Each structure stands twice: as structure tokens, then as C-alpha cells.
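For reference, the structure discussed in these notes is given below.
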Amino acid sequence: MPYSKMLNAAIIAGCLFGAVALVAGGLAETYPALDIVNNGLLLLTLGLAVLLLLSLTLRSRMLIVTTGALLAIALATLVSNLSGAAARAPENAERFLRVATFNMWGKGDLHLQKIEAFLAETEPDVVVLEEIRWKHEDFLRDMQETFPQQAGKHGLVILSKFPIVDKGRLDRPGQPYWQSLIVAWARLDVRGREVNVVGAHMSRPFYPSQQKSDFEHLTKFVRSMTGPVIVAGDFNAAPWTQKAHNFSTATGLGRLNTFSPTWPVRWKAVPLVPVLPIDNVFVSPQLTKINLTVGRRLESDHLPVVADIAFVD
């Protein structure tokens, strides 16, 4: 088969795949299980752009129109779902808080030593940790010298250098205590200003009904809060998914991480290249984004996220 015919067939196959993926993702509002497809929306958009370029080389009007139309739909969907980014702080704005979040899924003393070293280097004021287990009790005890305030013990833990004036948790209804935790929260006194810090860990998209329910409970909980709010954690959803978009829209919180991938860093002992920014920080309108960085590998399947946040006077 000549090269041009093979390329033509490949482009047609790619267009069919793209069309099916776009239709499936568009139905995610009605069928939440399909939102898992939207996690790949950015990669799909890039792939369609490549198909358009290849179509141009073949000078096939049909393929150019088809790939162009699919790319336009993908771009429109991506842009629409990415509305809700946090406002940028003015240049030279004073930092109000540095917040770090990290899913600690991993094992071994080296894993914990690397986390301790990373926190010592980055010097966050507040840390939200997911996947905390009983085996991490000594680690949390060691952290008390740097972070004397703590909310939560297992699953989700918030460490703080500032006083915690109130704290609590939010659970999935009807689930056993050891697997019901959705949220750990703490109200901090930061130099005379109170701010709510919410640590969240949403269910994976392979359990769509539970993930949808988690986002709904988190949304309702955040909307019930008064004053500045910071929500940080592992959302198990890219920013351009329907669930993440709906959460930002319904709460009015602005997203800090849009394109910095944090997962998957590894599968068992095999290192991988992260492609999805599922670890994120959201802030209420009283707070703005100075900077967000993704840290190095710490023997987990996630990368840590560190956000510098300013207060709007």
C-alpha cells in the first residue's frame, strides 16, 4: 500500500476515534461514567492538531475539513471547561500562605526521608497530605517540630505552622469509618486573619458514581463555609473534566494548577512520565495566585504541588 493511502487510512481512523471520544465526553453531564474520557481531552486536542497537519500534507479537502472541525470542537470544549482559573496576584504581592499538597502513596523509610527533605527545602506554611496510614504515625510525630498544629490522623492530614482554631472531617454517608473520609478541614488563624483550609481526596474515575457523589458533597461543604477558603488535594480528575469544571463553577473557587502534570509518576517500580494535573489547589476570590510549582519525584505515584497565595485586601 502506498504511503499516502496508509496515511489517509490512519487519519480517518484517528478522526473516528476523536469523534467518538468527543461525543462520549460531551455526554458526561448525563452519564458521569463517561467523564473519564475527558481526562484525555488535552491529549486528544493535540492529537487532532497533528492529524490536521498531516491532512494538509495530503491536500485532501475532506480530511482537512473533518480534522479541522473536530479540532475546533475539541478546542472549544477545552477552553469552556478551563474557565475558572484563579486570578493572578499583582506583581510584588506579599505572600499570605505557601500551601503544599502531596499524595503519599509509597513505602519505605527512604520515601519518608525524601518527603521530610522536600518539606524542609520548600518551607510551606500548610501541608495537605493524602493516603496517610497508621505506619506514618512516627513521620507525623517528627513533623510536629516544624508543623506544631495538625488536623486529622489518617487518610487526610493537614499540617500547619499557624494556630488551628477549629477542625473536622467530612465523610461519605453509609460507608465504614476507615474508607469514608472525603475531607479534612481546619480553620487557621494566619496573623490575625482566619482562613479555611480543606484537604480533599476524591474517588478515582473508575468509580464514577462515588466520584460524582464526592464532588457533590465537597461542593456543598465548601459553599457552606464563610470567609476565605483554600481547597487542596488529589482530585483524581484533570481540570478540564466535567466534574472539576462544575466544582469550580458551583463554588466560585479559582484553580491554581491547569497544565502542570502530577500523575502517574510510576507504576509499582516502573518510572512513568506524568501527563495529568490531578493534584490541585483551589482558592476563593479573596485569594490570588502568586505561583505554583510541581516538585520532584518522592517515591510516590504523584508529584507534590506547592502554591504561593496572596490575600486581596
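FYI, in the UniProt record's numbering the residues of the sequence shown are 1 to 313.
We put the CB at the ideal spot given by N, CA and C, even for glycine.
The model shown is predicted, which means the values in this text are computed figures rather than measured ones.
- Identify which residue in 268, 269, 260 and 183 has its Cα closest to the Cα of residue 173. Position 173 of the sequence shown, counted from the start, is the residue given in the question as residue 173. Comparing Cα positions, the closest option is 183.
- So with Cβ pairs under 8 Å, would you call residue 135 a contact of chain B? In the structure shown, chain B cannot be found, because there is only a single protein chain.
- Among 3, 47 and 39, nearest to residue 17 - alpha-carbon criterion: Within the sequence shown, residue 17 is the residue found at index 17, counting from 1. The shortest C-alpha separation from residue 17 is found at 47.
- Message: Between which two residues does the alpha helix (DSSP H) holding residue 11 run?
- Response: Counted from its first residue, the sequence shown places residue 11 at position 11. Unbroken alpha helix (DSSP H) run through residue 11: 3 to 26.
- Closer than 6 Å by C-beta to residue 208: which residues in its own chain qualify, once you throw out the five before and the five after it? Chain order, please. Within the sequence shown, numbered from 1, the residue matching residue 208 stands at position 208. Answer for residue 208: 32 and 33, listed in chain order.
- Compare the C-alpha of residue 29 against each of 242, 274 and 270 and name the closest. Mapped onto the sequence shown, residue 29 falls at position 29. Checked all of 242, 274 and 270; the closest Cα to residue 29 is 242.
- Query: Near residue 45, what residues of its chain come up, given a Cβ to Cβ distance below 8 Å and the 5 sequence neighbours on each side ignored?
  - Reply: In the sequence shown, the residue the question calls residue 45 occupies position 45. 71, 74, 75 and 78.
- Query: Can residue 71 be considered in contact with the ligand ZN, in the sense that its beta carbon sits closer than 7 Å to one or more heavy atoms?
  - Reply: Ligands displayed in this structure: none; no statement on the ligand ZN is therefore possible.
- Item | Sheet register partners of residue 160 (DSSP bridge) | Within the sequence shown, residue 160 is the residue found at index 160, counting from 1. Residue 160 is bridged to 126 and 149.
- Item | residue 293 (DSSP reduced to helix, strand or coil) | Sequence index remark: in the sequence shown, residue 293 carries index 293 (1-based). Strand.
- Task: Report the partner residues of residue 271 according to the DSSP bridge assignment.
- Result: The residue labelled residue 271 in the question sits at position 271 within the sequence shown. Beta-bridge pairing links residue 271 to 266.
- Task: Could you please give the first and the last residue of the uninterrupted alpha helix (DSSP H) stretch that includes residue 323?
- Result: With the chain represented from 1 up to 313, any question about residue 323 goes unanswered, as that position is not in the structure.
- Task: Check whether the Cβ atoms of residue 127 and residue 96 lie closer than 8 Å to each other.
- Result: Taking the sequence shown and counting its residues from 1, one reaches residue 127 at position 127. Taking the sequence shown and counting its residues from 1, one reaches residue 96 at position 96. In this structure, residue 127 sits away from residue 96, with a CB-CB distance that is not shorter than 8 Å.
- Task: Count the other CB atoms, across all protein chains shown, that sit within 10 Å of the CB of residue 233; report buried if there are 16 or more and exposed otherwise.
- Result: Along the sequence shown, read from residue 1 onward, the residue named residue 233 stands at position 233. By the 10 Å Cβ count, residue 233 comes out buried.
- Message: Suppose only complete runs of 4+ residues qualify. What are the alpha helix (DSSP H) ranges in the segment 159 to 235, listed by chain order?
- Response: Listed in chain order, the complete alpha helix (DSSP H) runs (minimum 4 residues) inside the segment 159 to 235 are 208 to 223.
- Query: Is there contact between the segment 81 to 93 and the segment 54 to 70, where contact requires at least three CB pairs shorter than 8 Å?
  - Reply: Judged by Cβ distances under 8 Å, the segment 81 to 93 makes no contact with the segment 54 to 70, as fewer than three pairs qualify.
- For residue 8 versus residue 58, is the C-beta distance shorter than 8 Å? Against the sequence shown, residue 8 aligns to sequence position 8. Against the sequence shown, residue 58 aligns to sequence position 58. The Cβ atoms of residue 8 and residue 58 lie closer than 8 Å to each other.
- Enclosing beta strand (DSSP E) for residue 101 [first to last residue]: The sequence position of residue 101 within the sequence shown is 101, counting from 1. From DSSP, the beta strand (DSSP E) with residue 101 extends over 95 to 103.
- Item | Residue span of the alpha helix (DSSP H) that contains residue 246, given as start and end | Position 246 of the sequence shown, counted from the first residue, corresponds to residue 246. 242 to 251 is the span of the alpha helix (DSSP H), which, as asked, contains residue 246.
- When the Cα of residue 154 is compared with those of 144, 181 and 22, which residue comes out closest? As a position in the sequence shown, residue 154 is number 154, starting the count at 1. Nearest C-alpha to residue 154: 181.
- Task: Indicate the three-state DSSP secondary structure (helix, strand or coil) for residue 69 in the structure shown.
- Result: As a position in the sequence shown, residue 69 is number 69, starting the count at 1. Residue state, collapsed to three classes: helix.
- Query: CA-CA distance, residue 254 and residue 248?
  - Reply: For this step, residue 254 is matched to residue 254 along the sequence shown. For this step, residue 248 is matched to residue 248 along the sequence shown. In a straight line, the C-alpha of residue 254 is about 6 Å away from that of residue 248.
- Touch check for the segment 212 to 219 and the segment 36 to 43: three-plus C-beta pairs under 8 Å? Segment contact: the segment 212 to 219 against the segment 36 to 43, fewer than three CB-CB distances shorter than 8 Å; contact not assigned.
- Item | Helix, strand or coil at residue 320 [DSSP, three-state] | Residue 320 is absent from the model: the chain starts at 1 and stops at 313.
- Where does residue 104 land, buried or exposed, given buried means 16+ other C-beta within 10 angstroms? Position 104 of the sequence shown, counting from 1, holds the residue named residue 104. With 16 or more other Cβ atoms inside 10 Å of its own Cβ, residue 104 counts as buried.
- Task: Could you tell me which residues DSSP puts in a beta bridge with residue 307?
- Result: Residue numbering aside, residue 307 sits at position 307 when the sequence shown is read from its first letter. Under DSSP, residue 307 shares a beta bridge with 99 and 292.
- Task: Would you mind reading off the limits of the alpha helix (DSSP H) that contains residue 259?
- Result: Along the sequence shown, read from residue 1 onward, the residue named residue 259 stands at position 259. Looking at the DSSP string, residue 259 is not in any alpha helix (DSSP H), and its letter there is neither H nor E.
- Which two residues bound the contiguous alpha helix (DSSP H) that contains residue 53? Taking the first residue of the sequence shown as 1, we reach residue 53 at position 53. Unbroken alpha helix (DSSP H) run through residue 53: 41 to 58.
- Task: Use the C-beta contact count for residue 110: other C-beta atoms within 10 angstroms, 16 or more gives buried, fewer gives exposed.
- Result: If you number the sequence shown from 1, residue 110 lands on position 110. Per the 10 Å Cβ criterion, exposed.
- Message: Whole angstroms are fine: how far does the CA of residue 152 sit from the CA of residue 27?
- Response: By 1-based counting over the sequence shown, the position of residue 27 is 27. By 1-based counting over the sequence shown, the position of residue 152 is 152. When rounded, the distance between both Cα atoms is 37 Å.
- Task: Go ahead and label residue 304 buried or exposed: buried means 16 or more other beta carbons lie within 10 angstroms of its beta carbon, across all protein chains shown.
- Result: For the purposes of this step, residue 304 is identified with residue 304 of the sequence shown, where counting begins at 1. Residue 304 is buried by the Cβ-count criterion.
- Using the C-alpha atoms, what's the distance from residue 306 back to residue 287? As a first step, residue 287 must be located in the sequence shown, where it is residue number 287. As a first step, residue 306 must be located in the sequence shown, where it is residue number 306. In a straight line, the C-alpha of residue 287 is about 15 Å away from that of residue 306.
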